[in-house]
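Just so we're aligned, residue 5 is where the sequence shown starts under the working numbering, counting upward by one.
Ideal Cβ placement from N, Cα and C applies to all residues, glycine included.
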Amino acid sequence: MSRSGIAILAVSLAGCAPTVMQMSMAPSDVETATARLEPGKGTIKGSAVLRQRGGRVVTCAGNEVFLIPATESASKELRRIFGSDEGYVNRGGNVVTGGGRLVRPPQPNRSTACDPQGYFTFSNVRAGKWYVMTNVVWSANGDYQGGTLLGTAEVAEGEASEIVLSL
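Dropping the structure here:
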């Protein structure tokens, strides 16, 4: 293959990679976030669902769910990506050729998995404001559909908070 052919192939393959929307906390917030992730007495229970055009409901079953402390820099980064404290980023892209957008949570965080019905629980959560983020994605006609959902939960000491991530 000629050099120009290799260059064209490299450029076209580079276009296939998804755009990774990575967030990071300011160094000063990492210590605060780490302390907030220490065990508390609250609980966050929730679910994540999206409705397809045909009416079928798709859940986050088997996907990771992230619990993110609402520090100043995490809030700023999440608002930059999602537009507010609660939002949605469409995955997009093609199953074969790739592309689209992937959202990665800021570190540090905690994670769990959605059960087969799309429910999740975070136990031993400290009181305060938290972000909850997960993906609800499927493929149809060779394209990725769905995306990343973000919501907020307020936890009172020793209490349970419920959240539904959806559009």
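Open item on the list: What does DSSP give as the partner residue(s) for Leu153 in the beta ladder?
Closed with: Beta-bridge pairing links Leu153 to Tyr92, Thr138.
Open item on the list: Classify Thr125: buried if its beta carbon has 16 or more other beta carbons within 10 angstroms, exposed otherwise.
Closed with: Around the beta-carbon of Thr125, fewer than 16 other beta-carbon atoms lie within 10 Å, marking it exposed.
Open item on the list: In chain order, what are the residue ranges of uninterrupted alpha helix (DSSP H) at least 4 long that sit wholly in the segment 21–62?
Closed with: For the segment 21–62, whole alpha helix (DSSP H) runs of length 4 or above, ordered along the chain, are 31–40.
Task: Chain-order list of residues whose beta-carbon lies under 8 Å from that of Gly44 (same chain, five-residue window excluded) - done: Excluding sequence neighbours, Gly44 sits near Asn128, Val129, Arg130, Ala131, Val159, Glu161.
TODO: Please say whether Glu81 and Met137 have beta carbons closer to each other than 9 Å?
DONE: Going by C-beta atoms, Met137 is not nearer than 9 Å to Glu81.
Task: Separation of Gly58 from Gly146, as counted between CA atoms - done: Their backbone Cα atoms lie some 17 Å apart in a straight line.
TODO: Measure the C-alpha to C-alpha separation of Leu54 and Asn94 and round it to an integer number of angstroms.
DONE: Roughly 11 Å between the two C-alpha positions.
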